[in-house]
Every structure is written in C-alpha cells, then in structure tokens.
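Encoded as structure tokens, the structure appears first; notes follow it.
There are 2 protein chains.
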Amino acid sequence: MVKIKIYNTGKSKEPWLIAALAEYEKRLPFPIEWKLYKDDNSLYTAVAKLPSFIALDPQGQSMTSENFATFFEIHSPRHILIGGAIGLPPPIKAKASHLISLSPLTFTHQMTRLILLEQLYRATQILKNSNYHKK
Amino acid sequence: MVKIKIYNTGKSKEPWLIAALAEYEKRLPFPIEWKLYKDDNSLYTAVAKLPSFIALDPQGQSMTSENFATFFEIHSPRHILIGGAIGLPPPIKAKASHLISLSPLTFTHQMTRLILLEQLYRATQILKNSNYHKK
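Going line by line, the protein sequences match chains A and B.
According to our numbering, the residues represented by the first sequence are 1 to 135, in order.
According to our numbering, the residues represented by the second sequence are 1 to 135, in order.
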C-alpha cells in the first residue's frame with residue numbers, strides 16, 4: 001500500500017500526542033512515515049529535493065473536510081509538508097504543487113500533526129461514505 | 001478566578017484526550033468546567049437557560065489566533081458551547097452572543113475540545129506577549 005510521508009520539524013514528545021497519533025495511524029488504511037527534522041533548514045533542504053509535495057501553509061487554500069477528501073482522492077498526495085506558523089520560505093512555497101490551510105488559527109506543530117491525521121482518516125471515511133463524518 | 005464553562009455532548013473517553021485536556025487545563029490561568037450532556041436535547045435545553053454564551057458553529061466567524069485573543073480579551077466569554085458538525089438549532093444560534101468557527105474543516109467533538117483549550121491558552125500567551133505563539 002502506498003505510504004504517505006509527512007515532513008515536519010521536532011519530535012512528538014508529549015505522551016498524549018504519541019498515543020493520539022498512534023490511534024489514527026492504526027485506523028488509516030495506508031501507512032504514515034514521519035520525516036522529522038531537527039530544524040527548518042534541514043527540513044526545507046530535504047523537501048526541496050522531492051519531485052512533488054503538498055504543503056500546509058497559512059496562505060494556502062482553506063477547505064471543508066469534504067473538499068479535502070475530494071482533493072485527496074484526485075491528487076493522492078504522497079509527501080505532505082507541515083510548514084511553520086510564519087509560513088514557508090518563498091522557494092519552497094513556489095515548488096509545492098498545492099498549498100492548503102487547515103484553519104486561519106495558528107496551531108502547534110504537534111496539534112497540526114494530529115489534525116492532519118484526523119482529516120486524512122476523515123477523508124477516507126467520507127470517500128467510503130461511512131458514518132464517521134456524519135456523527 | 002473566573003471560571004470558563006464549556007458545554008458539549010458526550011464524555012471525553014480516550015485516554016490521550018483526557019491527558020491532553022488535563023495538560024492545557026493545568027497551563028491555563030483560569031479553571032475550566034466541562035458541562036457534558038448525554039444528548040443534543042439536554043445540551044441545548046441547558047444552554048438556552050444561560051443569560052449569555054458564545055457558540056462554536058460552522059457558520060460562525062472565522063478568526064486568526066490573534067483575532068481570537070482580542071475577542072477573548074474584549075468579551076471575556078464565561079460560557080462556550082461546542083455545537084455539532086451539522087450546526088446549531090436556529091433558536092440557539094439566534095440566542096448566542098457570538099458565533100465562532102475554528103476552521104472550515106469538520107472535527108470530532110473530542111478534537112474540538114482540545115483545539116479550543118489550546119486556542120484559549122494561546123490567547124492568554126498572545127495577550128501577555130510570551131514566546132509561545134511566536135515559535
């Protein structure tokens with residue numbers, strides 16, 4: 001099964017976050033690989049070498065969960081970059097195939113990882129028309 | 001210190017969520033009281049009796065974290081209703097003093113509780129100009 005790689009800086013340290021991410025990873029029908037770099041420089045250097053990636057960025061397109069599910073189905077993203085609250089460096093922004101904003105609110109990296117996994121899971125449930133999204 | 005009461009349906013069952021909420025409650029400079037009802041009917045009956053409340057609703061105003069902090073400072077909300085994904089019943093919507101949307105995305109009730117606490121904490125940090133929001 002095709003893996004989704006998520007690029008971000010910093011480890012997931014809080015035990016609650018590790019447990020929450022593990023819960024959603026277990027539910028997802030595809031594996032997640034975390035590519036966690038020690039600083040922004042090494043993160044962006046690695047991402048710049050990818051042939052294609054989408055990025056979460058405050059300037060990105062905002063979407064409903066249904067839009068995100070459709071986007072996910074059409075584009076099948078394999079590499080997702082979680083950018084910082086101040087936004088991506090212009091060359092990285094220009095290279096991203098799509099920019100998506102999860103919310104006008106600012107979240108911690110940690111919270112963004114969890115929201116992203118929950119929305120990926122929600123997308124799979126919307127696409128198979130399960131009850132998860134309707135509750 | 002003035003307490004903030006948060007109204008929603010269903011208990012927080014997942015251990016990771018209980019731990020995450022406890023972490024943010026510990027950091028917040030004011031106490032949180034959870035008013036969790038067994039169904040929407042009892043939730044809305046209770047909320048309808050409040051003299052004033054704000055509500056999270058998909059049709060609400062979307063805000064940046066800075067806007068939310070300013071809102072929080074000006075209005076000092078004491079009662080916050082977390083509405084469902086399908087939106088609030090019209091009489092409750094009409095009675096709310098403000099409607100706020102956290103994101104165009106749909107989240108679980110559980111996730112919404114966590115995002116709300118993190119944004120309340122972030123608001124306190126923005127207002128005291130700490131580093132939390134700048135990282």
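The beta-carbon is built from N, C-alpha and C at its ideal position, and this holds for glycine as well.
Extent of the continuous alpha helix (DSSP H) run through residue i
i	result
Ile86 (chain A)	Segment: none, Ile86 (chain A) is in no alpha helix (DSSP H) and carries neither H nor E.
Pro104 (chain B)	Pro104 (chain B) -> no alpha helix (DSSP H), and no H or E assigned at all.
His75 (chain B)	Ser65 to His75
Residue i (DSSP reduced to helix, strand or coil)
i	result
Thr9 (chain A)	strand
Glu14 (chain B)	coil
Asp57 (chain B)	strand
Lys128 (chain B)	coil
Leu114 (chain B)	helix
Lys38 (chain A)	coil
Ala96 (chain B)	coil
Lys49 (chain A)	coil
Leu28 (chain A)	coil
CB of residue i within 8 Å of CB of residue j, strictly
i	j	result
Gly10 (chain B)	Asp57 (chain B)	no
Lys35 (chain B)	Tyr7 (chain B)	yes
His109 (chain A)	Ile54 (chain A)	no
Pro137 (chain A)	Ala46 (chain B)	Residue 137 (chain A) lies beyond the stretch modelled for chain A, which goes from 1 to 135, so this question has no answer here.
Ile4 (chain A)	Arg78 (chain A)	yes
Tyr121 (chain B)	Leu28 (chain B)	yes
Ser42 (chain A)	Leu105 (chain B)	no
Tyr44 (chain A)	Ile100 (chain A)	no
Ile82 (chain B)	Leu117 (chain B)	no
Residue range of the unbroken beta strand (DSSP E) whose run includes residue i
i	result
His79 (chain B)	His79 to Ile82
DSSP beta-bridge partners of residue i
i	result
Ser62 (chain A)	A:Ser101
Glu33 (chain B)	B:Lys5
- Task: Give the residues from the stretch 19-33 of chain A that approach chain B closer than 8 Å (Cβ to any Cβ), ordered along the chain.
- Result: Ala19, Ala20 and Glu23
- Message: What are the residues in the stretch 78-100 of chain A lying within 7 Å of chain B by C-beta distance?
- Response: none
- Message: Give me the subset of the stretch 50-79 of chain A whose CB atoms are less than 9 Å from a CB atom of chain B, sorted by chain position.
- Response: Pro58, Ser62, Met63, Thr64, Ser65, Glu66, Asn67 and Phe68
- Message: To be precise: take each residue of the stretch 102-123 of chain A, compare its Cβ to all Cβ atoms of chain B, and keep it if any distance is under 8 Å. Which residues remain?
- Response: Leu102, Ser103, Pro104, Leu105, Thr106, Phe107, Thr108, Met111, Leu114, Ile115, Glu118, Gln119 and Arg122
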